[in-house]
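Everything below concerns the one structure shown next.
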Amino acid sequence: MNPRYPIYIVSKGRWKNPLTARALDKMNVPYRIVVEPTEALDYALALHPDKILVLPFSNLGKGSIPARNWIWNHSVCEGATRHWILDDNIEAFNRLNRNMKPVVNSGAIFAAAEDFVERYENVPLAGFNYYCFCKATEAVPPYYLNTRIYSCILIQNDLPMRWRGRYNEDTDLSLRVLKEGYCTILFNAFLAGKVTTMRMAGGNTDELYKDDGRKLMAESLQTQHPDVVKVTWKFKRWHHSVDYSPFKRNKLIRKSGVCINEVANNYGMKLVDKN
Numbered sequence: 006m007n008p009r010y011p012i013y014i015v016s017k018g019r020w021k022n023p024l025t026a027r028a029l030d031k032m033n034v035p036y037r038i039v040v041e042p043t044e045a046l047d048y049a050l051a052l053h054p055d056k057i058l059v060l061p062f063s064n065l066g067k068g069s070i071p072a073r074n075w076i077w078n079h080s081v082c083e084g085a086t087r088h089w090i091l092d093d094n095i096e097a098f099n100r101l102n103r104n105m106k107p108v109v110n111s112g113a114i115f116a117a118a119e120d121f122v123e124r125y126e127n128v129p130l131a132g133f134n135y136y137c138f139c140k141a142t143e144a145v146p147p148y149y150l151n152t153r154i155y156s157c158i159l160i161q162n163d164l165p166m167r168w169r170g171r172y173n174e175d176t177d178l179s180l181r182v183l184k185e186g187y188c189t190i191l192f193n194a195f196l197a198g199k200v201t202t203m204r205m206a207g208g209n210t211d212e213l214y215k216d217d218g219r220k221l222m223a224e225s226l227q228t229q230h231p232d233v234v235k236v237t238w239k240f241k242r243w244h245h246s247v248d249y250s251p252f253k254r255n256k257l258i259r260k261s262g263v264c265i266n267e268v269a270n271n272y273g274m275k276l277v278d279k280n
């Protein structure tokens with residue numbers, strides 16, 4: 006049970022520890038990892054060469070934005086109507102159900118998320134919440150509507166916009182989508198176990214977040230969206246704070262002819278006791 010849409014991992018400087026690729030390999034989920042030409046040989050020593058796509062550029066100083074747009078265009082050229090784009094520091098994927106968060110060992114959660122999104126006309130962005138944001142001791146709904154989508158994102162390819170800027174590209178894209186009247190779906194039923202930002206070397210850690218990078222990151226988003234973004238200081242560092250309340254009025258529009266079966270479809274998933 007694998008996704009119908011292509012999965013891409015955008016990666017830089019993490020060939021020694023390609024967490025997301027290893028997690029997907031364990032799940033037997035197909036993917037391509039997209040790397041810069043200066044690092045292609047290093048990644049080929051860690052992963053199968055057939056799973057590696059090499060960008061036509063290196064070290065542009067714009068974070069992952071150029072790579073993300075290249076991936077978007079690549080998926081369009083392959084004929085896909087949507088694509089997944091994943092960060093490279095996801096240790097595992099999980100299913101939240103009845104206050105348990107077991108690790109998933111197949112691509113079923115990707116397939117289930119795709120089918121759910123396809124019920125609606127107006128969901129161009131969806132994705133999995135972070136494992137750490139859904140506590141097993143608290144009641145959370147299966148998904149949140151009209152909020153940010155980070156790190157594990159399903160994108161509709163015919164959106165009339167692309168990634169832009171240098172910082173906060175996922176928040177910026179989410180806000181632009183919401184401002185156009187679309188909806189976003191952040192799944193809590195399906196989770197991504199992402200390593201906390203700045204804990205791993207590589208990626209944007211060295212290029213964007215060093216020195217006063219976090220403040221510049223927050224200020225850039227405020228400049229792009231001054232109506233809903235504020236710069237705040239908490240947890241001993243700078244953050245952006247986004248008010249998503251204006252987008253509560255965005256409503257899901259079910260596609261004509263879609264019939265929802267009242268019987269639960271578990272997509273072949275079973276809870277297995279490792280012991």
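Count along the sequence shown from 1, then add 5; that gives the number in this note's numbering.
Virtual Cβ for every residue (Gly too), placed ideally from N, Cα, C.
Since the model is a prediction, treat every value here as computed from it, not as a measurement.
Secondary structure at residue i, three-state DSSP: helix, strand or coil?
{"i": "N99", "result": "strand"}
{"i": "V182", "result": "helix"}
{"i": "N151", "result": "coil"}
{"i": "M105", "result": "strand"}
{"i": "Y136", "result": "helix"}
{"i": "K275", "result": "coil"}
{"i": "T189", "result": "strand"}
{"i": "L60", "result": "coil"}
{"i": "W75", "result": "helix"}
{"i": "A131", "result": "strand"}
{"i": "A26", "result": "helix"}
{"i": "A269", "result": "coil"}
{"i": "R219", "result": "helix"}
{"i": "R37", "result": "strand"}
{"i": "V15", "result": "strand"}
{"i": "A194", "result": "strand"}
Of the residues the options, which one's Cα is nearest the Cα of residue i?
{"i": "A45", "options": "G68, V15, P35, K67", "result": "V15"}
{"i": "G281", "options": "D163, Y125, L191", "result": "Outside the modelled stretch of the chain, which goes from 6 to 280, sits residue 281, for which no answer is possible."}
{"i": "V109", "options": "A118, D120, R103, A97", "result": "A97"}
{"i": "K220", "options": "H230, W238, Q229, P231", "result": "W238"}
{"i": "D30", "options": "P11, L52, W20", "result": "L52"}
{"i": "F133", "options": "N162, M166, I90", "result": "I90"}
{"i": "L183", "options": "E224, K256, C82, G198", "result": "K256"}
{"i": "S179", "options": "V59, L150, F121, F62", "result": "L150"}
{"i": "P231", "options": "V39, L60, D177", "result": "D177"}
{"i": "Q161", "options": "G198, R87, Y48, E119", "result": "R87"}
{"i": "F192", "options": "Y136, P165, D163, M166", "result": "Y136"}
{"i": "N102", "options": "E41, K279, Y148, L164", "result": "Y148"}
{"i": "N104", "options": "E119, E83, V145", "result": "V145"}
Give me the Cα-Cα distance between residue i and residue j, rounded to the nearest whole angstrom.
{"i": "S156", "j": "N266", "result": "30 Å"}
{"i": "N64", "j": "P54", "result": "21 Å"}
{"i": "N127", "j": "Y187", "result": "5 Å"}
{"i": "W20", "j": "R254", "result": "43 Å"}
{"i": "R153", "j": "V34", "result": "25 Å"}
{"i": "A26", "j": "I158", "result": "15 Å"}
{"i": "Q227", "j": "R181", "result": "13 Å"}
{"i": "N173", "j": "S250", "result": "19 Å"}
{"i": "I57", "j": "Y13", "result": "10 Å"}
{"i": "P129", "j": "N74", "result": "16 Å"}
{"i": "A194", "j": "E143", "result": "13 Å"}
{"i": "S225", "j": "M274", "result": "42 Å"}
{"i": "S246", "j": "F240", "result": "13 Å"}
{"i": "K235", "j": "P71", "result": "26 Å"}
{"i": "S111", "j": "A197", "result": "14 Å"}
{"i": "W168", "j": "N78", "result": "11 Å"}
{"i": "P61", "j": "A85", "result": "21 Å"}
Just checking: is the beta-carbon of residue i within a distance shorter than 8 Å of some beta-carbon in chain C?
{"i": "R242", "result": "Among the chains of the structure shown, chain C does not appear; only one protein chain is present."}
Per DSSP, which one or two residues make a beta bridge with residue i?
{"i": "L50", "result": "In DSSP, L50 forms no bridge with anything."}
{"i": "K199", "result": "I95"}
{"i": "C264", "result": "Looking at the DSSP assignment, C264 forms no beta bridge with any residue, so it has no partner."}
{"i": "Y125", "result": "R259"}
{"i": "S246", "result": "K235"}
{"i": "C157", "result": "L91"}
Tell me which same chain residues have a C-beta within less than 6 Å of the C-beta of residue i, skipping the five on either side of it?
{"i": "D248", "result": "V233"}
{"i": "F138", "result": "none"}
{"i": "K106", "result": "N99, A141"}
{"i": "S69", "result": "V15"}
{"i": "A4", "result": "Nothing about residue 4 can be reported from this structure: the residues present for the chain run from 6 to 280 only."}
{"i": "Q229", "result": "D177"}
Only counting the same chain, and skipping five residues up and downstream in sequence, which positions put a Cβ closer than 8 Å to that of residue i?
{"i": "A116", "result": "M6, N7, P8, R9, Y272"}
{"i": "V200", "result": "L24, N94, I95, E96"}
Just to confirm my understanding: we take residue i, look at its own chain, exclude 5 residues before and 5 after, and list those with CB closer than 7 Å. What are they?
{"i": "K67", "result": "R171"}
{"i": "H244", "result": "A223, T237"}
Answer yes or no: the CB of residue i versus the heavy atoms of the ligand GDP, is any distance below 7 Å?
{"i": "R167", "result": "The ligand content of the structure shown is nil, which means the ligand GDP is not present either."}
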